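This report refers to the structure that appears directly beneath it.
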Amino acid sequence: MTRLTYREAVRGALREALTRDPRVFLMGEDVGSYGGAFAVSRGLLEEFGAERVRDTPLSESTFVGAGIGAALGGMRPIVEVMTVNFSLLALDQIVNNAATLRHMSGGQLSVPLVVRMATGGGRQLAAQHSHSLEGWYAHVPGITVLAPATVADARGMLLGALADPDPVFIFEHATLYPLEEEIDERAEPAPIRGAAVRRAGTDVSLIGYGGSVGKALAAAQLLAGTGISAEVLDLRVLRPLDTPAILASVAKTHRAVVVDEAWRAGSLAAEVSAQIGEMGFYDLDAPVARVCGAEVPMPYARHLEEAALPQAGAIVDAVREVLERHG
Amino acid sequence: MAEFVMPILGADMEAGTLVAWRKKPGDAVERGEIVAEVETDKGLIEVEIFTSGVIEKILVEPGAKVAVGTVLAIIREEGMPGDLVPSPPAVSSAVPSLPPSVPAPAAAKQLGPAVETARRRVSPAARKRAASLGVDLDAVQGRGPGSAIGLEDVERAAAERAATEAAAPAARQARVRQTIAAAMARSKREIPHYYLSTTIDMQRAVAWLGEQNLKRPITERLLHGVLLIKAVALALREVPELNALWMEGQAAPRSAIHVGVAISLRGGGLVAPALHDADRQSLDALMRGFRDLVMRARAGSLRSSELSDPTITVTSLGDQGVETVFGVIYPPQVAIVGFGKVVERPWSVGGAVVSHPVVTATLSADHRVTDGHRGGVFLAAVDRLLQDPDRL
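Residue numbers (this note's numbering), protein chains in the order written: chain A, 1 to 327; chain B, 1001 to 1392.
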C-alpha cells in the first residue's frame, strides 16, 4: 500500500497506461511543458516525449475531434479538457460523433476514447470554471460517465476506462486532487460499472458522487454523534446509473437525501430521485430530499461560493428534516 | 353508475375494515368476482361484486373501518359511457331541479361520496406495512414530518396491538362469542319458534352410500351429510315458504336455495356459510363445496356472498353423538333444520322388528311465517327423498 494524492494516483495511472500500451497518448491544453492546469501530467512530457504527451491549441472542438479520429484509427487517446465549462465547445464532437458512431455504423466503428476533465467549485474560480455539468453528459446514451471520488478509483477507473471499447468521460472534482489515501498501486483496473457503499447505515441513504461523497461522509460522521446512522452511497458511475444499488439502499433505510453539486432543476439528483419515486415508492418512509447547488452562476466571493455549494451542515439539516419526529 | 358498498356479512355486523383492494380504478370487474378483502369478526372475508363493469373510483382506502352500506367504490356499469365520452347536453338540461322542499340534509347526504376529505399523510412504506400487518391507519397517530404516519408509527401501533392481544388472547374469540350472542339473543327475542321432530329410516341411504363409496377413491367419497343437505334443498322446493328471509316485518321468499351449513370453528364459535343453489347441484359438487367451505371457514377466508346469502341453515351435531338438535334460527332466516347422529335402532318393518340406521331430523321454524302443518309437510318430504337416494 502506498499513500498517494488523488493527483498522483491519476498521474500514476497515466504513466502506467503510457508504459504498457504504445497506442496510448495524452493530449490537451498545457498537458506537456506546463504539466497540466492541475499539475496532473507534470513530468510525463520528459518521460514519454512530445509524440505521446501533446500540447494542443485552445480549441476544445478540434482536439476532442482529433481524439475521436485517433480512436477510430486504432489509437487509445486520453484527452484532457481543462474544465467541464470549456468542454461545452466540444459538445458537438462528443454528442454527435463520439456517442453515436458505434450505433450509426451498426457496430462497425469503435471509439475507444477516454476524456478526462476537472469539474466542480470550491476554489474561487467563479462562474466560468466551477460548474458541475457532468449531469448533462450523463443524459447522453452511447458514452460512459465516471466520477471517481476516492484515490483508488481515480487510478483504477482511469485504467478501467482505457480497457473499454467505447467513449468514457471521467469527471475529476478539482477539490479532490490534494486528497490523500492509502492505495494499492498494483491493484487491477477498477470496474466502470456500479455504485459503492462508502459507509453502511440504517436510517437514511445519502446518495452522491465525486466531490459530494466526502461531504456526505462528513455529514454521516456528524449524524452518528447524534445517534443517526446514515448510509453513504457513492454512485461512481453516472451513466449507466446503478439503479439496483440505489433501490437496495433505500429499501434498507426507507429515506433518501440526494447530494449533487449541480443546479437542482434537471440535475442528476433529479434523475436519481425520479428512479426512487418510480421503483422504490413503497419503500419510502419520507419524501426524497435533495441537497444541490444554488441556482446561480457560481459566485467568486468565498463566502458566497460556500453558500452556493452543498456543505456537510446542509446535508445534516436535510437528514434531520426527513427524520423529524414529534412526540 | 353503480355503487359497491360494504356488505352485511352477518346479522349483527355494523362495520367492517377494508383490508385490501384486489382491483384498482380502471379495472374491469365481472359479476361474482372478488374485488376486496374485508376484516370482520368472522375473519378475513373476500368480498364479491354483483355488478359487471369498470371500477370508476375507489372511495375507501385500505385500513379504513366503515359502516355497513358505506359506498366503497363507484362502478361504471357495462355499456355506460366513461368520463372521456361527454354526455349529451340535452340529458343534463332535462334533469329537473330539486324541489325546494327537499330537506338539506338529504341532499347533502347524496353528495357524500363526492366530498373529498383531507387525505391523511401516510408514507408509502408505512401504508404498505400497515396493510401487511393489518393495522388500521385511522387509529395510528402520526409523529413524522407534518404529522405524517411513518413506518415507526405503524410498527408501534402493531406492537401495542400485539401487546393488547397477548394480554387478552381470547379477545378475538370473545368478539366471535359476542357476535353469536347478539344474533341468537335477537332470534330468541324476536322469533316465535316452533319445533318439529321426526325419525327417518336411513337404511336405504346408508346402503346406497356404502355402495357408491366402494367405487370411489377416498378423496371423492361422499358423507351422508351431503345427502341430508340435498334432501333439505329439494324438500324446500315443495315447501318454499321456509326458504325466505324476514325483512321489514314480513317474509320475503327467496327463489334460489342457498343452504347455510353450520361449521364449528377450532377456537370456538361457529359460522354457517352458504352452499349456493344446493337444490341444483350434484352430490359430488355439494361434497366438494362442503369440503372447501370447511377448510376455508377454519382458515378464516370465507367470501362475502357465502356469509350473506344463506336462505336456510342445516346443522348437524351428529359427530358428537347426540341424536337430536333443536336449532335456533339465524336471523333473518325463518327456519333451521337439524340432524342428529345416524344410529342403529330397533325399527319395525312389516310387523317384524329389525335393526336399522336412523336419524332424527328436527325443524325449528318461524311461526310468523309458517305453521306446524307446513313444517310437517317439509320434514315428511325430507324423509321421502331420503328413501330414494339414487334420485338425490
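Even for Gly, the Cβ is constructed at its ideal location relative to N, Cα and C. Being a predicted model, the structure only gives us computed values, none of them experimental.
Under 8 Å between C-beta atoms of residue i and residue j
i: Val1337 (chain B); j: Val1358 (chain B); result: no
i: Ala1274 (chain B); j: Ala1262 (chain B); result: no
i: Ser1304 (chain B); j: Pro1062 (chain B); result: no
i: Ala152 (chain A); j: Glu181 (chain A); result: yes
i: Ile192 (chain A); j: Arg155 (chain A); result: no
i: Ala174 (chain A); j: Val168 (chain A); result: no
i: Leu206 (chain A); j: Val259 (chain A); result: yes
i: Ala1381 (chain B); j: Glu1238 (chain B); result: yes
i: Val64 (chain A); j: Val95 (chain A); result: no
i: Met27 (chain A); j: Thr56 (chain A); result: yes
i: Gln124 (chain A); j: Glu295 (chain A); result: no
Bounding residues of the beta strand (DSSP E) (the contiguous stretch that carries residue i)
i: Phe1326 (chain B); result: Taken as a continuous stretch (DSSP letters only), Phe1326 (chain B) belongs to no beta strand (DSSP E), as it is neither H nor E.
i: Gln1250 (chain B); result: Gln1250 to Pro1253
i: Phe25 (chain A); result: Val24 to Gly28
i: Thr1198 (chain B); result: His1193 to Asp1201
i: Ala230 (chain A); result: Ala230 to Asp234
i: Glu1241 (chain B); result: Careful: Glu1241 (chain B) lies outside any beta strand (DSSP E) and carries neither H nor E.
i: Val1343 (chain B); result: Val1343 to Val1349
i: Met1013 (chain B); result: No beta strand (DSSP E) holds Met1013 (chain B); DSSP gives it neither H nor E.
i: Phe171 (chain A); result: Val168 to His173
i: Ile1336 (chain B); result: Ala1335 to Phe1339
For residue j and residue i, the rounded distance between their alpha carbons
i: Ala312 (chain A); j: Lys215 (chain A); result: 5 Å
i: Gly1210 (chain B); j: Met1287 (chain B); result: 15 Å
i: Ser41 (chain A); j: Val31 (chain A); result: 6 Å
i: Ala256 (chain A); j: His129 (chain A); result: 30 Å
i: Leu268 (chain A); j: Ala318 (chain A); result: 18 Å
i: Pro240 (chain A); j: Thr1017 (chain B); result: 45 Å
i: Asn1243 (chain B); j: Gly1260 (chain B); result: 11 Å
i: Leu1307 (chain B); j: Gln275 (chain A); result: 45 Å
i: Ala1205 (chain B); j: Asp1309 (chain B); result: 29 Å
i: Gly1375 (chain B); j: Arg1384 (chain B); result: 14 Å
i: Phe1004 (chain B); j: Lys1024 (chain B); result: 13 Å
i: Tyr1194 (chain B); j: Ala1126 (chain B); result: 54 Å
i: Cys292 (chain A); j: Glu278 (chain A); result: 21 Å
i: Pro299 (chain A); j: Ala307 (chain A); result: 9 Å
i: Leu179 (chain A); j: Ala262 (chain A); result: 21 Å
i: Ala9 (chain A); j: Ala196 (chain A); result: 19 Å
i: Ser273 (chain A); j: Arg76 (chain A); result: 36 Å
i: Asp164 (chain A); j: Tyr209 (chain A); result: 21 Å
i: Ser87 (chain A); j: Arg11 (chain A); result: 21 Å
i: Val1322 (chain B); j: Ala1028 (chain B); result: 50 Å
i: Met110 (chain A); j: Thr226 (chain A); result: It is Ser, not Met, that sits at residue 110 (chain A) in the sequence shown. Taking the straight line joining both Cα atoms gives about 52 Å.
i: His1356 (chain B); j: Pro1346 (chain B); result: 6 Å
i: Arg1119 (chain B); j: Arg7 (chain A); result: 54 Å
i: Leu217 (chain A); j: Leu223 (chain A); result: 10 Å
Residue environment, residue i, which counts as buried when at least 16 other CB atoms sit within 10 Å
i: Pro112 (chain A); result: buried
i: Thr1360 (chain B); result: buried
i: Ile1218 (chain B); result: exposed
i: Glu1190 (chain B); result: exposed
i: Gly1269 (chain B); result: buried
i: Tyr1330 (chain B); result: buried
i: Lys1188 (chain B); result: exposed
i: Ala1108 (chain B); result: Legend: pLDDT at Ala1108 (chain B) = 39, less than 50; position of this residue unreliable, value from coordinates given subsequently. Label assigned to Ala1108 (chain B): exposed.
i: Val232 (chain A); result: buried
i: Asn97 (chain A); result: buried
Where the alpha helix (DSSP H) containing residue i begins and where it ends
i: Ala269 (chain A); result: Leu268 to Met279
i: Phe63 (chain A); result: Glu60 to Leu72
i: Arg320 (chain A); result: Ala312 to Val322
i: Ala1285 (chain B); result: Leu1283 to Ala1299
i: Val1369 (chain B); result: Unbroken run through Val1369 (chain B): none, as it is neither H nor E.
i: Asp153 (chain A); result: Val151 to Leu162
i: Lys215 (chain A); result: Gly211 to Ala224
i: Leu238 (chain A); result: Where Leu238 (chain A) is concerned, there is no enclosing alpha helix (DSSP H), although the beta strand (DSSP E) it sits in stretches over Val237 to Arg239.
i: Thr19 (chain A); result: Tyr6 to Arg20
Under 7 Å from the C-beta of residue i: neighbouring residues of chain C
i: His254 (chain A); result: Absence of chain C from the displayed structure is noted, the protein chains being A and B.
#### Entry: Residues from the segment 1025 to 1046 of chain B in contact with chain A, defined by Cβ distance under 8 Å
none
### Task
Quick one: which residues of the segment 282 to 293 of chain A get their C-beta closer than 7 Å to a C-beta of chain B? List them in chain order.
Tyr282, Asp283, Leu284, Asp285 and Ala286
### Message
Along the segment 1005 to 1023 of chain B, where does the CB come closer than 8 Å to a CB of chain A? Name the residues.
### Response
none
### Task
Residues of the segment 179 to 207 of chain A with a CB closer than 9 Å to any CB of chain B: list them in chain order, please.
none
### Query
When Cβ atoms are compared, which residues of the segment 262 to 283 of chain A fall closer than 8 Å to chain B?
Phe281, Tyr282 and Asp283
### Task
Can you give me, in chain order, the residues of the segment 300 to 326 of chain A that have a beta carbon less than 8 Å from any beta carbon in chain B?
Glu321, Val322, Glu324, Arg325 and His326
### Query
When Cβ atoms are compared, which residues of the segment 1304 to 1323 of chain B fall closer than 8 Å to chain A?
none
### Query
the segment 1132 to 1148 of chain B: which residues have C-beta closer than 7 Å to a C-beta of chain A, in chain order?
Arg1143, Gly1144, Pro1145 and Ser1147
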